[in-house]
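Undergrad:
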Amino acid sequence: MSIASKTPLTAGTTRLISLSNVMPWAFAALFLLCLPFVFQSSSALTIMNQMAITIVFALSYNMLLGQGGMLSFGHAVYMGLGGFFAMHAMNMVEDGLWLPLPFLPIVGGLFGMVFAFLIGSFSTRRAGTVFAMISLGVGELIAACSVIIVVFFGGEEGISGDRTMGPPVFGYEFLTQQEVYYLTVVWLLVAALLMYLFSRTPIGRIANAVRDNEERAEFLGYSQRNVRWISFCASGFFAGVAGSLFAINFEILTEENLNLATSGSILLITFIGGAGFFVGPIIGAVVFTLLQTVLGLHTELWALYLGILFVACVMFFPSGFAGLIAMHRRPLALGKLNLLIKPYLKVAIPAITSVLSLAAILEILFHKRHGYGGDHEMHLYGIAFDSGGYQAVAFATIIAAISLFLVSRVLPEIREAWDNANHAEDRA
Amino acid sequence: MALFLVNVLDGFVTGLLLFMLCSGLTLIFSMMGVLNFAHASFYMLGAYFAYQISLVTGFWVGLLVAPLIVGLIGALIERYGLRRVHKYGHVPELIFTFGLALLIEETIQFFWGKSQLPFSEPAALDFAAFAIAGNAFPAYKVFMIAVAMGIFLTLLYILTKTRIGMTIQAALSYPETVQNLGHNVPLVFMCVFGVGTAMAGLAGVIAGPVLGVFPGMALQLGSIVFVTIVIGGLGSLWGALVASLIIGWLQTFATAYDVTAEQVLTAIGFTKPELIWDHPLQDLWTLTLPQLGPILPYLLMIIVLVLRPQGLMGNRES
Amino acid sequence: MSAPAIELRNLEKSFGLAKIIQGVNLQIAKGERHAVIGPNGAGKSTLFNLITGRFAPTSGGVFLHGEDVTGLKPFEINRRGLSRSFQITNIFPNMTVFENIRCGLLWTMGYRYSFWHMIGRQLDVTEKADGILARINLSSRRNELAGTLAYAEQRALEIGITIAGGADIILLDEPCAGMSHSETDLIVDLIRNVTEDKTLLIVEHDMGVIFDLADKISVLVYGEVIESDTPDVVRASAKVKEAYLGASLEEEAV
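Chains as they are written, first to last, in my numbering: chain A, 9 to 436; chain B, 428 to 745; chain C, 29 to 282.
1) In chain B, which residues lie with their C-beta within 7 Å of the C-beta of A:Glu148?
2) Quick one: what's got a C-beta closer than 7 Å to B:Thr441's C-beta in the same chain, skipping five residues either side?
3) By the 10 Å Cβ neighbour count, where 16 or more other Cβ atoms means buried, how is A:Asp394 classified, buried or exposed?
4) Exposed or buried, which one is B:Tyr507 when buried takes at least 16 other CB atoms within 10 Å?
5) Can you give the beta carbon distance from B:Gly659 to B:Leu739, rounded, assuming they're within the 8 Å contact cut?
6) List the residues of chain B whose Cβ lies closer than 9 Å to the Cβ of A:Val158, in chain order.
7) Interface residues of chain A around B:Val483 at Cβ under 7 Å?
8) Can the beta-carbon of C:Asn128 be found closer than 8 Å to that of C:Ile189?
9) For a quick check, are the C-beta atoms of B:Phe469 and B:Ala627 less than 8 Å apart?
10) Using beta carbons (cut-off 8 Å, strictly below), is A:Leu144 in contact with chain B?
11) Measure how close the beta-carbons of A:Ser68 and A:Met203 come, nearest whole angstrom, since I'm counting them as under 8 Å.
12) Between C:Ile48 and C:Ser87, what straight-line distance do the alpha-carbon atoms span, to the nearest angstrom?
13) Considering only residues of the same chain and omitting the five flanking positions on each side of A:Asn428, which have a CB-CB separation below 8 Å?
14) Which residues in chain B sit within 9 Å of A:Thr137, going by Cβ to Cβ distance?
15) 8 Å is my cut-off, CB to CB: does A:Ile114 come that close to chain C?
16) Excluding five sequence neighbours on each side, which residues of the same chain lie with their C-beta closer than 7 Å to the C-beta of A:Gln48?
17) In chain order, which beta strand (DSSP E) runs of at least 3 residues are fully inside the stretch 126-206 of chain C?
18) Anything in the stretch 318-329 of chain A with a Cβ closer than 7 Å to a Cβ of chain B? List those residues in chain order, please.
19) Please check if any C-beta of chain B sits within less than 8 Å of the C-beta of A:Cys153.
20) Could you tell me whether the Cβ atoms of B:Val686 and B:Leu716 are closer together than 8 Å?
21) B:Gly438 to B:Ser450, Cα distance in whole Å?
22) Report the option in B:Leu723, B:Gly662, B:Gln718 whose CA atom is closest to the CA atom of B:Ala688.
23) Are the beta-carbon atoms belonging to C:Pro32 and C:Gln55 less than 8 Å from one another?
24) My output table needs one value for B:Tyr475: the three-state DSSP class, helix, strand or coil.
25) Skipping 5 residues on each side, what residues in its chain have a beta carbon closer than 7 Å to that of A:Phe65?
26) Is B:Thr534 close to chain A, meaning its C-beta is less than 8 Å from at least one C-beta of that chain?
27) With a CB to CB cut of under 7 Å and the five nearest residues on each side skipped, what residues in its chain are close to A:Leu17?
28) Could you check whether the Cβ of A:Ala293 sits closer than 8 Å to any Cβ belonging to chain B?
29) Examine chain C for any beta-carbon lying closer than 8 Å to the beta-carbon of A:Thr132, and answer yes or no.
30) Less than 8 Å between CB atoms is the rule here; does B:Phe697 satisfy it with respect to chain A?
31) Mapping the DSSP letters down to three states, classify A:Gly281 as helix, strand or coil.
32) Within 8 Å (strictly less), CB to CB, does A:His375 reach chain B?
33) For a test of the three-state rule: what should DSSP assign to C:Lys226, helix, strand or coil?
34) For the beta strand (DSSP E) containing B:Trp555, list its first residue and its last residue.
35) Give the DSSP-derived three-state secondary structure of C:Lys41 in the structure shown.
36) Compare the C-beta of B:Ile572 against all C-beta atoms of chain A and say whether one is closer than 8 Å.
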């Protein structure tokens with residue numbers, strides 16, 4: 009499931025479905041079906057639903073960024089519009105339209121695709137910077153329109169609906185969160201599988217070719233604009249599906265579903281996860297949702313940490329988390345992964361300590377500056393202390409310095425182990 | 428007529444302010460091929476630094492020092508951040524500056540919090556310069572025009588009359604030749620980025636007292652700036668000027684004249700439905716020009732892109 | 029007689045005030061191996077770009093098998109059976125060698141913009157791509173990323189992508205640029221092999237290659253064709269000697 013272009017896809021299979029292709033999907037399905045038995049609380053279900061929606065959205069975004077080389081700053085438009093149309097459809101169901109809830113994402117997806125078709129007609133002429141700027145402008149336009157066109161977008165308070173009004177499907181009315189979870193997860197699997205298969209079709213491969221070298225593709229008979237346009241429409245469809253799932257889950261959509269902040273976070277999610285890999289956006293979505301919900305509970309500074317992580321990612325590991333994992337394929341193939349375990353363990357403790365102590369410095373400084381009413385009592389990592397003086401900052405700084413020093417001491421060893429693990433002596 | 432004149436002046440101020448941002452952005456884009464998504468964030472940094480400095484020394488020192496600090500930060504970011512990403516291509520560079528914009532906004536909230544700061548114009552300029560039929564025109568806006576014009580003229584002079592300007596002009600027209608100039612390209616890039624961001628910082632300082640200093644100020648202007656240079660034509664300084672002024676006036680006039688769709692529709696012979704609040708065309712009837720103001724630049728962008736993809740004065744498509 | 033494979037009529041191209049191509053007339057018969065030579069800056073690459081649709085001509089026309097293709101986009105011209113290679117290697121660096129070739133096949137094999145075929149299961153594509161890989165001697169590199177190949181291998185791949193689609197008119201822009209002697213020999217054999225029964229238009233600096241390969245040679249100097257004939261005639265032509273020598277002397281002086 010790594011980047012499509014890096015693995016040969018033509019292992020000569022004539023069988024329609026081979027076991028190695030099906031296994032990851034079967035495992036994923038099984039895993040997702042079992043999750044609610046482990047995490048039963050309603051808030052856990054909400055987080056998992058949100059994660060699933062974000063995964064679909066991020067995968068659809070990566071059809072543009074990773075596979076098609078299109079950097080969009082306005083992808084929320086297609087998710088949002090799909091969601092709004094789905095919500096209106098949901099409300100029409102209440103008025104008597106026959107549409108079982110599980111099919112609602114198709115409605116949203118189609119509308120997402122229609123708008124991608126319209127906007128793509130002029131935005132996909134160029135890739136790169138021009139495409140990025142147009143996507144930004146269109147995104148801002150639609151977001152601004154949502155405040156003006158109150159009938160459709162519901163103005164500032166948005167529009168809401170009730171998912172339980174449709175005809176029951178096999179007796180399910182989607183009253184409980186668990187039922188919604190299973191609905192979402194089935195759609196997640198279907199959408200992810202379709203997007204995966206799309207990358208294996210001629211148009212999917214040519215989208216990669218256009219990303220790599222649009223001019224050469226033109227000289228092979230392909231209109232770069234049409235290739236991008238088709239990918240864009242497909243991506244719009246799946247974004248619309250994600251929007252519909254959002255509508256079903258939260259039963260409310262607002263301007264926030266359309267705006268630049270949402271479009272920006274999906275870029276961030278996809279990039280951190282690894283745009284060059286099919287699993288990248290999935291990893292990104294899981295990490296982001298966890299950071300947002302779990303870290304967000306504990307600190308106001310979570311967005312700052314996320315920003316630092318993002319910029320560090322662009323600078324130091326531009327292939328994202330998935331890329332970091334994929335780097336270990338060669339040592340694994342050489343059977344030398346074990347060489348890395350010891351140095352990794354050695355660096356783990358000082359590395360974690362330095363991250364935590366650096367975060368502590370930020371937290372203490374932030375608390376000093378914005379603490380309410382001169383209240384300097386602060387709790388961090390389960391320790392209560394006074395953030396008022398300079399002792400706390402100084403202490404955290406010393407810890408950070410020591411742990412960073414230890415990290416720097418281990419680094420040469422890691423580098424050496426890495427070289428060894430990637431070096432095949434037996435190669436002629 | 429008098430109100431019209433006031434609006435012309437107001438729109439001119441907005442347009443020039445926009446141009447101060449667009450010119451730096453265009454300079455950076457043309458020389459380096461990088462569209463600096465964080466450009467408006469440097470504008471915001473300028474305003475915040477000026478505020479902080481003005482607490483100690485007053486407005487004028489801030490006006491001078493804040494842009495310098497911003498430019499220095501910009502140059503350092505180019506040197507230690509952007510240059511690293513450069514080898515991956517322009518799209519990763521754009522993603523980097525996008526991340527930078529997020530980071531700057533968060534950093535500003537870290538230090539200054541989320542609320543608006545009380546940054547006001549200096550007392551020396553807190554009077555009405557003149558009045559047009561009873562509409563007072565603040566001296567501070569005259570000052571803004573003067574600064575923006577000063578920047579514009581300096582830029583024009585440097586570009587057309589000096590050696591470095593000739594180099595830059597050559598680079599503007601033929602970006603691929605920059606590498607062959609025999610100059611120290613990395614240093615030139617660092618300086619261009621520094622100067623471009625310093626100009627954004629300066630725009631932030633003078634806009635701060637009028638538009639407000641708050642963490643959302645970059646976002647508020649950022650998208651408009653990009654739309655402006657797309658309309659003007661990526662890489663065209665004159666295009667940026669024309670587009671900035673058009674957008675300045677569009678927005679000012681749209682907010683100044685409270686024309687409603689109802690008036691227009693009735694004038695051309697439609698009758699307003701009686702139960703307007705349940706009508707499907709409700710929004711069409713209740714629409715007003717000031718409501719449309721914020722979306723006009725984006726509409727204009729789409730029209731320009733459909734009719735003339737390279738922008739008003741752009742000559743290259745990518 | 030059937031229409032020539034490529035015909036250029038009064039082709040002109042200016043960039044600003046500079047006239048790069050000034051009234052080129054040229055007919056290349058079907059099945060002919062035709063070479064264009066000329067000093068640096070004569071406009072050879074520009075001529076290629078005009079024929080393949082990369083640039084639109086300022087005036088004049090380009091005809092393929094008698095059909096006017098002037099001003100069409102590269103992909104439209106390609107669909108009419110013309111394929112080209114590039115002077116600067118122009119491949120898909122982040123895709124495997126095999127996939128590079130396959131990209132060259134998809135349009136002509138009728139898969140076009142299909143999103144209903146699973147590409148891995150289209151054995152016809154796979155076989156054909158592997159066949160071409162064998163012809164360009166890159167079978168052993170099949171699954172490596174194209175960007176990681178050695179220079180000479182990338183040049184071979186460039187030709188492989190160009191001929192993959194089965195176009196009957198092949199344009200090669202300096203296929204031997206930057207190659208050693210032995211590599212050049214290999215590439216020339218390869219070119220001869222893969223352009224069997226096809227129309228070939230080639231730009232090349234290496235005169236050995238040209239005289240070895242071409243049925244006819246056109247000499248382009250300052251955007252004009254000053255001679256267009258068989259290698260023997262061109263070799264003997266005083267006009268060519270003068271122009272070439274003059275231009276090369278000038279070049280050296282610079």
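Ideal Cβ positions, reconstructed from N, Cα and C, are used throughout, including at glycine.
TA: Looking at the atomic coordinates:
1) Ser650, Tyr725
2) Gly675, Gln678, Thr679
3) exposed
4) exposed
5) 6 Å
6) Gln709, Asp710, Thr713
7) Neighbours of B:Val483 on chain A: none; closest Cβ ~18 Å, over 7 Å.
8) yes
9) yes
10) yes
11) 7 Å
12) 12 Å
13) Lys344, Leu347
14) Phe456, Gly460, Val461, Leu462, His517, Val518, Leu521, Leu661, Ser745
15) no
16) none
17) 197-201
18) Phe318, Val319, Val322, Met323, Pro326
19) yes
20) yes
21) 18 Å
22) B:Gln718
23) yes
24) helix
25) Met87, Ala247, Ala250, Ile274
26) yes
27) At A:Leu17 the pLDDT is 42, less than 50, meaning the model places this residue with poor confidence; the figure from the coordinates comes in the next sentence. Excluding residues within five positions, the ones whose Cβ falls inside 7 Å are Arg208.
28) no
29) no
30) no
31) helix
32) no
33) coil
34) Note that residue 555 of chain B is Ala in the sequence shown, not Trp. Residues 555-559.
35) strand
36) no
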